[in-house]
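A.B. asks: Chains A and B are the protein sequences, given in the same order.
Residues in the first sequence are numbered consecutively from 16, following the working numbering.
Residues in the second sequence are numbered consecutively from 16, following the working numbering.
Protein chains: 2
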Amino acid sequence: MPGAGRAAGVRRLRRQPSEEPPAQEEDQNLLLAAAYVSDAQYNRNVPFETSPRAIRLYYFYNHWTMQVAIYFFICVDLSLALFEEPALFPLPFLATSLAEVLCLTAFFGRLVHFAKVTPQMVFWKDMKNICIMVTIVLTLIDLIIYGSLEAVNVHSVRWSRALRPVFLINFPESRQIRRTFRSIRNTLPDILYVFLLFMFSVLIFSLMALKLFGDRGLKTVEGLPYFTNILDIVFELYVLVTTANSPDVMMPAYNFNWWYCLYFITYTIINTYIFMSVFLAVVYNNYRKHLKNEIRKLAYLKRHKMIEAFNILKVKVGTEFVVTEAQWRRLAKVVAPHISSPHLELLLRISDEGQKGHVDKVSFLRLADLLNIQVVTINIRRHPLEDWMPRVYRSSASLLVQRMVRHRIFVWVYDVIILINAIFIALDERNPFISYAEWLFLSLYIIEILLKLYTYEPRAYFGRRQFWNWFDTLIIIAALVATVANTTIQSARKYNSQQILDIVLILRILRLLRIIVSIQRFRVIVTTLINIGPTILTFGGLVLVVYYVFAIIGMEAFHGKVRFSDPNFTSPDALVCGNPALKDSAFARDRYCKNNFNDLASSFIVLMELTVVNHLPLLAGGFALVTHQAAKLYFIGFHIVVVILIVNIFIAFILEAFFVAYSLEKSEVETAIEKKIQELGVGIQEEEMQDGMLVDNVDAKDSGFSGDDGDNKRKDLKSLYFRIASKKYRTVDALLQQMFESEIAPEEEGPSLDEILNFSPGDLYPKNPNFENSA
Amino acid sequence: MPGAGRAAGVRRLRRQPSEEPPAQEEDQNLLLAAAYVSDAQYNRNVPFETSPRAIRLYYFYNHWTMQVAIYFFICVDLSLALFEEPALFPLPFLATSLAEVLCLTAFFGRLVHFAKVTPQMVFWKDMKNICIMVTIVLTLIDLIIYGSLEAVNVHSVRWSRALRPVFLINFPESRQIRRTFRSIRNTLPDILYVFLLFMFSVLIFSLMALKLFGDRGLKTVEGLPYFTNILDIVFELYVLVTTANSPDVMMPAYNFNWWYCLYFITYTIINTYIFMSVFLAVVYNNYRKHLKNEIRKLAYLKRHKMIEAFNILKVKVGTEFVVTEAQWRRLAKVVAPHISSPHLELLLRISDEGQKGHVDKVSFLRLADLLNIQVVTINIRRHPLEDWMPRVYRSSASLLVQRMVRHRIFVWVYDVIILINAIFIALDERNPFISYAEWLFLSLYIIEILLKLYTYEPRAYFGRRQFWNWFDTLIIIAALVATVANTTIQSARKYNSQQILDIVLILRILRLLRIIVSIQRFRVIVTTLINIGPTILTFGGLVLVVYYVFAIIGMEAFHGKVRFSDPNFTSPDALVCGNPALKDSAFARDRYCKNNFNDLASSFIVLMELTVVNHLPLLAGGFALVTHQAAKLYFIGFHIVVVILIVNIFIAFILEAFFVAYSLEKSEVETAIEKKIQELGVGIQEEEMQDGMLVDNVDAKDSGFSGDDGDNKRKDLKSLYFRIASKKYRTVDALLQQMFESEIAPEEEGPSLDEILNFSPGDLYPKNPNFENSA
């Protein structure tokens, strides 16, 4: 079967130096093709040199150890701020600066490695690389200046620390974070005009407020003059947009005359409701546009790489170019070394449908997708107990137990038990009756798991993608550990570790989450949320970058101005947060002293509070008192960047994810590959597996097999089943890419590489929007 | 030309009693057809009887005086709450109850009128009518009980007042508000599961908080125990979702150990950011789905009505059914009596393209759309000054002035003047130099207007749809009036009317809005916002209904508990808002006494503050102190209804409106009618009219006419131009309906009436969502 005329009609596209022996040349070609396929599989779009040395370097560059190493150095570099003054854990300057130099060396090494892999022209035209180099140089200069000034005891500002996130953003591996940044940058021009109009509106209202209230001699609750200074008014009204000082800012005027509340209501409707929605609309619209553009770019780039790979490996058979089966196998083994052989067999069966001994172009182009499909091989077996003691397991008592466990009522009974447990947790646990009940509940849960394992086949129950079963079991084990630990600690009567005790407490409560498992609608929502997870981590990266920059600036500007010393606020110094300027301020009165910029962790927590927005004026007011009124600009700047831009992008992202999930719920997007697997009769629908009945279902098929009437195809694959990783567990990006790909004709070559890289979102808009799209 | 064989081949579809003379029968048919066309034009979907008497009654029912009358009575009924105890303007019970009975009679009369028009079956199956009748009966019962108890001096609750908004919602005229309510009702099942999961998450976190913090003996800033009672914790954590008590609620735990902030951060991310976004996603998704379904329903209903009308009037000419031109004219005159005769001529020209003397079916079906197009007839004339003194107006000095005014720099100079004016307004006006400058600016603005009127033709400049010119001129006139009034009042030295002075102050500042007129991008944003205007009013109606119900409940529960007496808060009673329970509370300390439920206006203002959410816990806490802890449920209920449902629908609506606007900006949706008008060469593109150059442009065409080389069609229409009301000024609904209609084939009859009325949003989803739709 394999390779009808493999060596014979082979025609190369890439010319290699002729002195190389043919076998080695072929290996080189295979490596090159495998590099293209692997890039297509992981959506990498780094151009690389095709010389043998460059390809080997490229493999090394993409190796997971290198990626882990670079992320490790980025983490070390970013976390240095924890050890530098103002430090959470102080280390001498020499130690941190040495660590920083080490990180910079690693970054530089990675860059040099990259330069060796990629064509010179491309390397120097890429802004990312320039950025990294400039940052390395600037950091070194800053280190030298700061070090030498420190040596003569002059303190200066370590400004280059705010540049550190550049490394996180600019390495080619952080494509997702960079994409979000690009999305923000592209949104800026559109949002700028709305922002200007919004600021104009705030200014007009400020002028009105000055004229209306300035001369009335009104006082705020603190006894300060109300609305007399235009800059104060602009600040207060900006803050009113965030709703953080409503209705305080209105009360003096409203108390004076109820007529004035109309002014504030108008302001709120226009600026808080309408303008803030418009910001969301603009950000969302741009996010959508650019998301689609990027997806299109990725899809075409993938197609492009696969065509390159095909052109390298193709041989002529009859009238068409194909890839021989042997070549195909070798390629697959290079691209995915850990693939199991039944899995490989399945992929080959799909690619070479007619079993002609070679793979044609259209099928070859699908290889990257095939490799991306997470196929779970399920070996259907009987329950081990059935093998060991069939008579007992099949006795009528045993069958009754199994039927009981599979019954709906079994689930409901345990739901009720969980609810009762929740009530017991809320009650006072010093009551001995309640602490005994704790053990009762725990044993009930363990009985449940054991019964389930008795009824369902254990290896299927703990299959690799049986998320909810794992979840359920882990929670019960955690609860068991927690209860045991709690009892041990309580009987030992020494609460020596606060944190461990707290974790134990939380684990005991988390078991209530089991109720989610048994309500189908809850499970759907949670599954969607879990799918969003990976991209939320991207947002985590983005937020980390912005927080880091603002935290470094904040620490330089505000550190040591506010001190938290005494948890009970008894000393007079503690009452004013160690700063007399805060005497009688709301900041000190509400005991906000711990909200300070004295180290990185505290700064992050303050920034988190600012993201939530409420009490922004209180925090801004406090720090303005201890430094200067201009400090308020820092807080407004943070609000504009984080709340108006990033939080809106976050909301846009969640909206989009839910819409994709909703439109899929109602319809079917199946790729050709999934259809093939179904056609071959070796697939199991995720839906069948999802349900409580899942293993049941497999069992039924199994008995069909034991009767040996399974069809031939199934026997070929050694009675393995392949489960296609569910659509439900795919990310929004992957789903959209799949949708787009299903719309490109399988033969289409797509535009040229240059065109692909220059796609703009404007091209995407249909000239005549139709009813379905537009609303 | 008219009516080739009008009476001859006429075949009736509706059979009338045979004893009626033919002419009268024809009139009846015309009236019936006109009723259908008129319903299609205004998107009414009330079925009516086709007997002559019912049709006449139906005309009377739809007459604008009747509609105004019913809205008047609804307003009176709703505003009765201002005069009933607790009243803003107290009136005796007898007066308000008489007024209420009068209103109820009017509502009942309207209902009886409707019953006579519509078929019996339809009337009794319609929930709206049943609702109104039940509400009338309940209100009467409540009035009688309350009145008789009052007579024996027993005070009871006027509970039926909360039902009053039923009249506003349920009359067929309030279709928009009802649609929004329907949208909310349809969203409920979907949102319910998310809400339950969300509440479940809040409960889990509450239990954790109880276990983590309950036994620590922590105190809040007020010195109260911190997180010891599960109900308090649930309330505090629910409020934390609204961000209203962040970071206060965290500070005691955070001050105790920084480790605990992780708990609050996790909580905020999950419940505030993720769940609130999911709520928005669910609401938006449903809003979209139902909007599209309603639009589709409306479009098919319109088509249906037009086909009915055609079937009544059709006569057979040759092989096809048509409507004769004479019939068409009579019909148009009945449907739109105020239509001008050139306008009618234009419509006929469009409908009867080949001038065959009759209108075919496809053209006839467009009649409702044709009548809906707001056509502005523009009579192009020369500048009056050019007629009166051509030599002077065309002198080189005059031409120079005109060129100058038309130049960009002229606009920029005035922008700079406005900015300088803004600075002057911000300065202290008691300085005499500044008050003189005021007059200088004003005269500069007046000179600007005069120059523009000199350059452009005044009647064109103040055309009916020249929004921005009107805007500009009105602002300047208002500023002039304001400045004069201000000077008069100041010289008279008696500030007798506070309100007038305030309005004058605001008018003087509003002139700065003129800067919007001169920046194109600002104008685009503002135009979109103005388009949204009418639908925002629908939301106003919705919010009014919800506020009214909550205000009535709030007034019953809380009135008189908190009193505002002394604006300067000097008496000890004023310091505790007249209620000793509020002693030392944050409510009294922040001087919130005027935030009370003592009358309808105050209640609305409190509800507005609650909508903005911030300080919700302070308000809820205050009212819980003066009544009972259960009062907090009222505030949480309000938050769920208004913020989670209504505000999200509002945001969904603005998002949708902006997306439609954006996708139109990039493309062209032109209906056949607009194309026809352009083809006939009698249309002027809105774009040409919009710009500063507009009248200029028309002038140019005018001179072409004066040379008498205009083509025939133009001459036919007496050198009138028709301006199609711009796409920019259409509402989202109208735009979507147009998009949908452009996708139905002109010949398509559409589904049957029953099918149309039973459309469900589920049918809309495409089986295979494509890339464009889904993201």
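For each residue, glycine too, the CB sits at the ideal point set by N, CA and C.
1) When the Cα of Phe602(B) is compared with those of Ile147(A), Met266(A), Tyr315(A), which residue comes out closest?
2) For Pro240(A), write down the residues that DSSP places opposite it in a beta bridge.
3) Which ranges would you report for the alpha helix (DSSP H) in the region 608 to 646 of chain B if only whole runs of at least 4 residues count?
4) Tell me the rounded alpha-carbon separation between Pro134(B) and Ala50(B).
5) Whose C-alpha, out of Val217(A), Arg536(A), Arg538(A), Asp487(A), is nearest the C-alpha of Leu522(A)?
6) Return helix, strand or coil for Asp717(A), following the three-state DSSP convention.
7) Can you tell me where the alpha helix (DSSP H) with His373(B) in it begins and where it stops?
8) Between which residues of its own chain and Phe294(A) is the CB-CB distance below 7 Å, once the five residues before and five after are set aside?
9) Any contact between the region 252 to 265 of chain B and the region 467 to 481 of chain A? By contact I mean 3 or more CB pairs, one from each, below 8 Å.
10) For a cutoff of 8 Å on Cβ pairs, would you count Cys592(B) as touching chain A?
11) Scan the region 202 to 234 of chain A for residues whose Cβ lies nearer than 8 Å to a Cβ of chain B and list them as they occur along the chain.
12) Between the Cα of Cys276(B) and the Cα atoms of Ser775(A), Trp427(A), Asn610(A), Asn594(A), which residue gives the shortest distance?
13) Taking just the CA atoms, how far does Lys307(A) sit from Ile322(A)?
14) Out of curiosity, what's the CA-to-CA distance linking Phe186(B) and Glu368(B)?
15) How about Phe638(B) and Tyr562(B): are their beta carbons less than 8 Å apart?
16) Report back the beta-carbon spacing between Phe674(A) and Asn300(B) to the nearest angstrom; my notes put them in contact at under 8 Å.
17) At a Cβ cut of 8 Å, what residues of the region 612 to 636 of chain A count as close to chain B, listed as they run along the chain?
18) Considering just the uninterrupted stretch of the alpha helix (DSSP H) at Phe87(B), what are its terminal residues?
19) Hey, is Val181(A)'s beta-carbon within less than 8 Å of any beta-carbon in chain B?
20) Against chain B, does Asn270(A) count as a neighbour if the rule is that its beta carbon must be under 8 Å from one of theirs?
21) Just verifying my parser: in three-state terms, what is the DSSP assignment at Val217(A)?
22) Comparing the C-beta of Thr283(A) with each C-beta of chain B, is any distance below 8 Å?
23) Provide the residue span of the beta strand (DSSP E) that contains Phe336(A), from first to last.
24) For Leu634(A), which of Phe665(A), Lys576(A), Ala667(A) has the nearest alpha-carbon?
25) Should Phe565(A) be flagged as near chain B, meaning a C-beta pair shorter than 8 Å?
26) Could you name the residues of the region 284 to 297 of chain A whose beta carbon sits closer than 8 Å to any beta carbon of chain B, in the order they occur along the chain?
27) State yes or no: is the beta carbon of Leu709(B) nearer than 8 Å to at least one beta carbon in chain A?
28) When you compare the CB of Phe665(B) with every CB in chain A, is at least one pair closer than 8 Å?
29) Closer than 9 Å by beta-carbon distance: list the chain B residues that pair up with Cys90(A), in chain order.
30) From Tyr73(A), Ser94(A), Ile504(A), pick the residue whose C-alpha is nearest to that of Leu126(A); which is it?
31) Kindly list the residues whose CB is nearer than 6 Å to the CB of Phe336(A), restricted to its own chain and excluding five residues on each side of it in sequence; keep chain order.
32) With a cut-off of 8 Å, does the C-beta of Cys118(A) fall near any C-beta of chain B?
33) Figure out for me which residue from Glu165(B), His305(B), Cys608(B) has the closest Cα to the Cα of Leu109(B).
34) Are Asp588(B) and Ser600(B) close, meaning C-beta to C-beta below 8 Å?
35) Would you call the region 231 to 241 of chain B in contact with the region 211 to 222 of chain B, where contact means no fewer than 3 C-beta pairs closer than 8 Å?
36) Residues of chain B with CB under 7 Å from Ala55(A), in chain order?
C.D. replies: Put simply:
1) Nearest option by C-alpha distance: Met266(A).
2) Note: Pro240(A) sits in a beta bridge opposite Lys234(A).
3) 615 to 627, 631 to 641
4) When rounded, the distance between both Cα atoms is 16 Å.
5) Asp487(A)
6) Low local confidence applies: a pLDDT of 35 at Asp717(A) is under 50, so the model's placement there is unreliable, with the coordinate-based value given in what follows. The DSSP-derived three-state label of Asp717(A) is helix.
7) No alpha helix (DSSP H) holds His373(B); the beta strand (DSSP E) holding it covers 373 to 375.
8) Ile206, Val209, Ile659, Asn663
9) A contact between stretches requires three or more CB pairs, one per stretch, nearer than 8 Å, and the region 252 to 265 of chain B fails this requirement with the region 467 to 481 of chain A.
10) no
11) Tyr208, Val209, Leu211, Leu212, Phe215, Leu218, Ile219, Leu222, Met223, Leu225, Lys226, Leu227
12) Asn610(A)
13) 23 Å
14) 41 Å
15) no
16) About 6 Å separates the two Cβ atoms, so the contact holds.
17) Ala616, Ser617, Ile620, Met623, Glu624, Val627, Val628, Asn629, His630
18) 79 to 94
19) no
20) yes
21) helix
22) Under the Cβ criterion of 8 Å, Thr283(A) is counted among the residues facing chain B.
23) 335 to 339
24) Lys576(A)
25) no
26) Thr287, Tyr288, Ile289, Ser292, Val293, Leu295, Ala296, Val297
27) Per-residue confidence for Leu709(B) stands at a pLDDT of 38, beneath the threshold of 50, marking its modelled position as unreliable; no derived number is given.
28) At least one chain A Cβ lies under 8 Å of Phe665(B).
29) Going along chain B, no residue has its Cβ under 9 Å from Cys90(A), so there is no contact; the nearest lies around 19 Å.
30) Shortest Cα-Cα distance from Leu126(A) to any of Tyr73(A), Ser94(A), Ile504(A) involves Tyr73(A).
31) Lys329
32) no
33) Glu165(B)
34) no
35) no
36) Correct list: empty, because the minimum Cβ distance to chain B is about 19 Å.
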